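K.L.:
Pasting a structure below so you can have a look.
Protein chains: 2
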Amino acid sequence: MSASTRDQQSSQQSSDQQAREQRAREQAVTDMVAASFADAGSEQSLVRHLHAFARDVRLSQHEWDAAIAFLTRTGHITDDRRQEFILLSDVLGLSMLTVGINAPADDAATESTVFGPFFVDDAPRIELGGDIAGGAAGTPCFVSGTVRSTSGTALPGARIDVWEADADGRYDVQYEGRRTQGRGWLLAGEGGGYRFWSVTPTPYAIPDDTSRSPLPGTAP
Amino acid sequence: MSASTRDQQSSQQSSDQQAREQRAREQAVTDMVAASFADAGSEQSLVRHLHAFARDVRLSQHEWDAAIAFLTRTGHITDDRRQEFILLSDVLGLSMLTVGINAPADDAATESTVFGPFFVDDAPRIELGGDIAGGAAGTPCFVSGTVRSTSGTALPGARIDVWEADADGRYDVQYEGRRTQGRGWLLAGEGGGYRFWSVTPTPYAIPDDTSRSPLPGTAP
Numbered sequence: 156m157s158a159s160t161r162d163q164q165s166s167q168q169s170s171d172q173q174a175r176e177q178r179a180r181e182q183a184v185t186d187m188v189a190a191s192f193a194d195a196g197s198e199q200s201l202v203r204h205l206h207a208f209a210r211d212v213r214l215s216q217h218e219w220d221a222a223i224a225f226l227t228r229t230g231h232i233t234d235d236r237r238q239e240f241i242l243l244s245d246v247l248g249l250s251m252l253t254v255g256i257n258a259p260a261d262d263a264a265t266e267s268t269v270f271g272p273f274f275v276d277d278a279p280r281i282e283l284g285g286d287i288a289g290g291a292a293g294t295p296c297f298v299s300g301t302v303r304s305t306s307g308t309a310l311p312g313a314r315i316d317v318w319e320a321d322a323d324g325r326y327d328v329q330y331e332g333r334r335t336q337g338r339g340w341l342l343a344g345e346g347g348g349y350r351f352w353s354v355t356p357t358p359y360a361i362p363d364d365t366s367r368s369p370l371p372g373t374a375p
Numbered sequence: 156m157s158a159s160t161r162d163q164q165s166s167q168q169s170s171d172q173q174a175r176e177q178r179a180r181e182q183a184v185t186d187m188v189a190a191s192f193a194d195a196g197s198e199q200s201l202v203r204h205l206h207a208f209a210r211d212v213r214l215s216q217h218e219w220d221a222a223i224a225f226l227t228r229t230g231h232i233t234d235d236r237r238q239e240f241i242l243l244s245d246v247l248g249l250s251m252l253t254v255g256i257n258a259p260a261d262d263a264a265t266e267s268t269v270f271g272p273f274f275v276d277d278a279p280r281i282e283l284g285g286d287i288a289g290g291a292a293g294t295p296c297f298v299s300g301t302v303r304s305t306s307g308t309a310l311p312g313a314r315i316d317v318w319e320a321d322a323d324g325r326y327d328v329q330y331e332g333r334r335t336q337g338r339g340w341l342l343a344g345e346g347g348g349y350r351f352w353s354v355t356p357t358p359y360a361i362p363d364d365t366s367r368s369p370l371p372g373t374a375p
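As structure tokens, this is what we get:
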């Protein structure tokens with residue numbers, strides 16, 4: 156074995172040892188913090204997953220600074236009309252996952268989804284076959300189906316609430332002034348059947364001044 | 156095999172299948188959201204670890220609501236004088252871990268720590284052997300040591316900044332009015348040696364009106 160090879164091996168060993176030491180120090184921080192939440196399993200889990208993320212991406216001080224600034228902006232823009240933390244949860248898929256966790260899978264059931272932010276409590280009732288568009292811009296669209304229980308029993312009288320964005324990607328409540336468009340509720344008829352007219356739903360944008368872009372870690 | 160045993164087995168199979176289906180649905184949400192951040196590895200990692208946490212604790216809708224409300228309060232109490240998101244990061248150990256990740260382990264080095272929130276830029280300079288207490292309440296305390304590089308070379312002239320809480324667990328800046336106590340900086344002398352007087356440091360409390368308690372998931 157040459158001196159040079161020995162040097163390389165020694166250097167490699169030293170580097171391995173440093174990496175082990177580094178991992179051990181980081182794990183010690185995680186264990187100590189988790190132990191401080193000894194009575195609270197949820198916080199312990201949060202700490203462990205949050206730390207795993209930081210180690211995974213080797214979180215830089217700059218990214219940490221950006222994350223703090225991002226959360227601060229998100230907090231300051233949140234008020235009675237805008238809930239940016241919910242929007243952040245939506246963008247990160249946490250809202251949808253939470254719904255999925257709490258409405259367990261059933262092959263016979265329509266998959267549940269998040270309760271959208273544009274629901275309004277006093278939407279108008281429409282009759283079977285009526286039109287919820289109320290003058291909203293868009294291509295007319297006819298919707299029909301049947302409401303059944305997971306065992307297949309038809310459910311006449313089931314309440315169906317519908318609200319949707321128009322062709323410009325906006326809900327009625329996003330316009331200045333009061334209008335009611337693309338929104339309504341109806342009851343399933345005999346045999347659980349329902350049908351109504353509206354306009355073809357479109358994708359809609361979310362405000363991009365805070366939560367959506369940029370997230371910390373992306374280029375500013 | 157009795158009919159009853161067959162029923163049990165069938166029921167067990169059905170339950171296993173539902174559990175698999177549930178896991179698959181949850182994983183599909185995570186994969187879809189991660190894919191939406193395809194250009195950003197850090198966000199993908201955040202999504203995966205955040206979702207792993209939610210699945211781990213089977214996050215309830217109530218806990219999710221509490222988390223949103225908690226973050227909203229944390230945002231609203233944050234201003235020019237209080238940074239509650241940093242405090243939250245501290246409490247969750249993320250600040251300390253970030254420091255650890257960015258200042259890799261070196262057996263010969265003093266472990267780095269977080270840059271505390273009570274640093275003040277214009278602290279007074281004191282001479283070697285001087286007193287930084289400035290009248291702070293507490294038991295007198297003498298501190299001495301030597302500043303060396305990681306290779307063991309003494310570092311005369313190294314700057315040492317010191318700030319600490321008094322016997323009541325408060326920093327000078329936490330009192331009404333302006334005072335400078337338990338705070339100062341000095342330069343290491345010949346041979347890297349330093350020494351100064353102060354009061355014995357004490358643990359100090361952090362505000363408990365938002366970030367510290369309760370975290371979402373703990374009893375209110």
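Those sequence lines, one after another, are chains A and B. Quick note on this note's numbering: the first sequence kicks off at 156 and runs consecutively. Quick note on this note's numbering: the second sequence kicks off at 156 and runs consecutively. For glycine and all other residues, C-beta sits at the position ideal for the given N, C-alpha and C. Please read these numbers as outputs of a predicted model, since none were measured by experiment.
Please list the terminal residues of the continuous beta strand (DSSP E) segment that includes Val400 (chain A).
P.N.:
Any answer about residue 400 (chain A) is impossible in this case: the structure gives chain A only from 156 up to 375.
K.L.:
Kindly indicate if chain A contains any beta-carbon less than 9 Å away from that of Pro358 (chain B).
P.N.:
Answer no: the Cβ-Cβ gap between Pro358 (chain B) and chain A never drops below 9 Å.
K.L.:
Suppose you measure from the CA of Pro259 (chain A) to the CA of Gln172 (chain A); what does that come to, to the nearest Å?
P.N.:
Answer to the nearest angstrom: the Cα atoms are 46 Å apart.
K.L.:
Please confirm whether Asp211 (chain B) has its beta-carbon closer than 9 Å to some beta-carbon of chain A.
P.N.:
Interface residue, yes.
K.L.:
Could you give the residue range of the beta strand (DSSP E) that holds Ala342 (chain B)?
P.N.:
Per the sequence shown, residue 342 (chain B) should be read as Leu rather than Ala. First-last of the beta strand (DSSP E) with Leu342 (chain B): 338-342.
K.L.:
Which partner residues of Thr315 (chain B) appear in the DSSP bridge assignment?
P.N.:
Residue identity differs from the one stated: residue 315 (chain B) is Ile in this sequence, not Thr. Note: Ile315 (chain B) sits in a beta bridge opposite B:Leu341.
K.L.:
Beta-carbon of Pro279 (chain B) versus every beta-carbon of chain A: anything under 9 Å?
P.N.:
Judged by the 9 Å Cβ criterion, Pro279 (chain B) is not in contact with chain A.
K.L.:
Would Phe351 (chain A) and Gly290 (chain A) qualify as a contact pair, given that the criterion is a beta-carbon distance under 9 Å?
P.N.:
No, the Cβ-Cβ distance between Phe351 (chain A) and Gly290 (chain A) is not below 9 Å.
K.L.:
Select from B:Tyr359, B:Asp316, B:Val302, B:Ala360 the residue whose C-alpha is nearest the C-alpha of Glu376 (chain B).
P.N.:
Because chain B in this structure spans residues 156 to 375, residue 376 (chain B) falls outside the shown range and cannot be described.
K.L.:
Under the rule that 16 or more other beta-carbon atoms within 10 Å means buried, what is Gly312 (chain A), buried or exposed?
P.N.:
Exposed: under 16 other Cβ atoms inside 10 Å.
K.L.:
Taking the C-alpha atoms as reference points, what is the distance between Pro295 (chain B) and Glu266 (chain B)?
P.N.:
Rounded to the nearest angstrom, the two C-alpha atoms are 26 Å apart.
K.L.:
On the three-state DSSP scale, how would you describe Asp220 (chain B)?
P.N.:
Of the three classes helix, strand and coil, the one that applies to Asp220 (chain B) here is helix, per DSSP.
K.L.:
Can you pull out the residues from the segment 195-208 of chain A whose beta carbon lies closer than 9 Å to at least one beta carbon of chain B?
P.N.:
Listed by position along the chain: Ala195, Gly196, Ser197, Glu198, Ser200, Leu201, Val202, Arg203, His204, Leu205, His206, Ala207, Phe208.
K.L.:
Taking C-alpha atoms, which residue in A:Ile281, A:Asp220, A:Gly348, A:Ser353 lies nearest to Gln340 (chain A)?
P.N.:
First, the amino acid is wrong: residue 340 (chain A) is Trp here, not Gln. For Trp340 (chain A), the nearest C-alpha among the options comes from A:Ile281.
K.L.:
State whether the segment 228-246 of chain B contacts the segment 241-253 of chain A, with contact taken as three or more CB pairs (one from each stretch) at a distance under 8 Å.
P.N.:
They do not touch, by the three-pair rule.
K.L.:
When the cut-off is 9 Å and only beta carbons count, does Leu283 (chain B) lie next to chain A?
P.N.:
Answer no: the Cβ-Cβ gap between Leu283 (chain B) and chain A never drops below 9 Å.
K.L.:
By Cβ distance below 6 Å, which residues in the same chain neighbour Ser299 (chain A) in space, the five residues on each side in sequence not counted?
P.N.:
These residues qualify, in order along the chain: Arg350.
K.L.:
Ends of the alpha helix (DSSP H) at Phe297 (chain A)?
P.N.:
It is not in any alpha helix (DSSP H) - Phe297 (chain A) instead sits in the beta strand (DSSP E) that spans 295-301.
K.L.:
Helix or strand or just coil, what does DSSP make of Asp334 (chain A)?
P.N.:
A quick correction: the sequence has Arg, not Asp, at residue 334 (chain A). Of the three classes helix, strand and coil, the one that applies to Arg334 (chain A) here is coil, per DSSP.
K.L.:
Identify the residues that DSSP records as bridge partners of Ala309 (chain B): which are they?
P.N.:
Answer is B:Arg303.
K.L.:
By DSSP, does Arg325 (chain B) sit in helix, in strand, or in coil?
P.N.:
Looking at Arg325 (chain B) - three-state DSSP - the assignment turns out to be coil, as it is neither helix nor strand.
K.L.:
Quick one: any contact between the segment 264-278 of chain B and the segment 183-200 of chain A, if contact means 3 or more CB pairs under 8 Å?
P.N.:
As far as the Cβ criterion goes, the segment 264-278 of chain B does not touch the segment 183-200 of chain A, which means the pair count is below three.
K.L.:
Grab the span of the alpha helix (DSSP H) containing Asp286 (chain B) for me, first residue to last.
P.N.:
Run containing Asp286 (chain B): none; DSSP gives neither H nor E here.
K.L.:
Arg280 (chain B) by DSSP, collapsed to three states: which one?
P.N.:
DSSP places Arg280 (chain B) in strand when its eight states are reduced to three.
K.L.:
Is the CB-CB distance between Gly324 (chain A) and Pro358 (chain A) below 9 Å?
P.N.:
Yes, the Cβ-Cβ distance between Gly324 (chain A) and Pro358 (chain A) is below 9 Å.
K.L.:
Terminal residues of the continuous alpha helix (DSSP H) containing Thr268 (chain B)?
P.N.:
Thr268 (chain B) -> no alpha helix (DSSP H), and no H or E assigned at all.
K.L.:
Using the Cβ count rule (16 or more neighbours within 10 Å means buried), how would you classify Ser165 (chain A)?
P.N.:
Under this definition Ser165 (chain A) is an exposed residue.
K.L.:
Straight-line CA distance for Gln167 (chain A) to Asp261 (chain B)?
P.N.:
Using only the alpha carbons, I get a separation of about 16 Å.
K.L.:
With C-beta atoms as the reference, is Phe208 (chain B) less than 9 Å away from Leu226 (chain A)?
P.N.:
The answer is no: Cβ separation not under 9 Å.
K.L.:
List, in order along the chain, the chain A residues whose C-beta lies closer than 9 Å to that of Leu252 (chain B)?
P.N.:
Here the neighbours are Glu181, Val184, Thr185, Val188, Leu205, His206, Ala209, Arg210, Leu214.
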